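Counted the way mature numbering (1 follows the signal peptide of the UniProt record, and there is no 0) counts, the sequence shown spans residues -21 to -1, 1 to 123. Think of the CB as a built atom: it goes at the ideal place given N, C-alpha and C, for glycine as much as any other residue. Remember, it's a predicted structure, so these values are computed and weren't measured experimentally.
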Amino acid sequence: MIRQLMCVLLLMVGGVAHVQADQGCPYSSAIKYVDGHFQATAGTLVWQSPKIGYRDFVDQFIGAIFTPGKEQDRENGYVDKCSYLTGDGQRVDLRYSKSAEVETMSLTGTLHWHLASDPFGLPVYICQDSQPDNCAFTVKKPKN
């Protein structure tokens, strides 16, 4: 009986952890070139690049940048961009659509996000990995 309860508890904890880490940058295979932009949907967010003057395909994910709301706060901020390389080696950045209802984003309990400084000396978190799932984050939506 105790063994069964432990199994159920572990399954419940695993399910909760998954819900908390359900957002990430889009996979390269999900990104399409549409009307001059690269775009994709990942989780509940729509991601789009600036207008690109050439048609290509997104080949690989290279990382993401998270900007904290205050100092080095991992709990309140936003994912500034997800970066990729195209088939011809050009970097392309996707940002989430501002039309999405997002109050704030936070980093999940992953070891892949590392504190760094942006060109202005302000703190940012950088995730450099080939798998978008390793650069996971959570999205907090406004309460209705």
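Taking the alpha-carbon positions, what's the R56 to V103 distance? On the sequence shown, position 77 is the one that residue 56 refers to. On the sequence shown, position 124 is the one that residue 103 refers to. First, the amino acid is wrong: residue 56 is Gly here, not Arg. Distance between the alpha carbons of G56 and V103 is about 10 Å.
Start-to-end residues for the beta strand (DSSP E) that takes in T20: Sequence index remark: in the sequence shown, residue 20 carries index 41 (1-based). Per DSSP, T20 belongs to the beta strand (DSSP E) from H16 to A21.
Range of the contiguous beta strand (DSSP E) that encloses G56: Against the sequence shown, residue 56 aligns to sequence position 77. Taken as a continuous stretch (DSSP letters only), the beta strand (DSSP E) holding G56 covers G56 to T65.
Neighbourhood of R70 by C-beta distance below 8 Å, restricted to the same chain and skipping five residues each side: Indexing the sequence shown from 1 puts residue 70 at position 91. Once the five neighbours on either side are set aside, the close Cβ partners of R70 are I41, S62, Y63 and L64.
According to DSSP, is P102 helix, strand or coil? Position 123 of the sequence shown, counted from the start, is the residue given in the question as residue 102. Strand at P102.
What first and last residue would you give for the beta strand (DSSP E) that runs through G42? Counting from one through the sequence shown, the residue named residue 42 turns up at place 63. First-last of the beta strand (DSSP E) with G42: V37 to P47.
Relative to the C-alpha of E82, which candidate in K119, K49 and F36 has its C-alpha closest? Taking the first residue of the sequence shown as position 1, residue 82 is located at position 103. Ranking the options by Cα distance to E82, first place goes to K119.
At the level of alpha carbons, what is the spacing between A(-1) and D59? Translated into positions along the sequence shown, residue -1 becomes position 21. Translated into positions along the sequence shown, residue 59 becomes position 80. In this prediction, A(-1) scores a pLDDT of 39, lower than 50, which makes its location untrustworthy; no coordinate-derived value is stated.
DSSP on V97, reduced to helix/strand/coil? Position 118 of the sequence shown, counted from the first residue, corresponds to residue 97. The sequence shown places Asp at residue 97, not Val. Looking at D97 - three-state DSSP - the assignment turns out to be coil, as it is neither helix nor strand.
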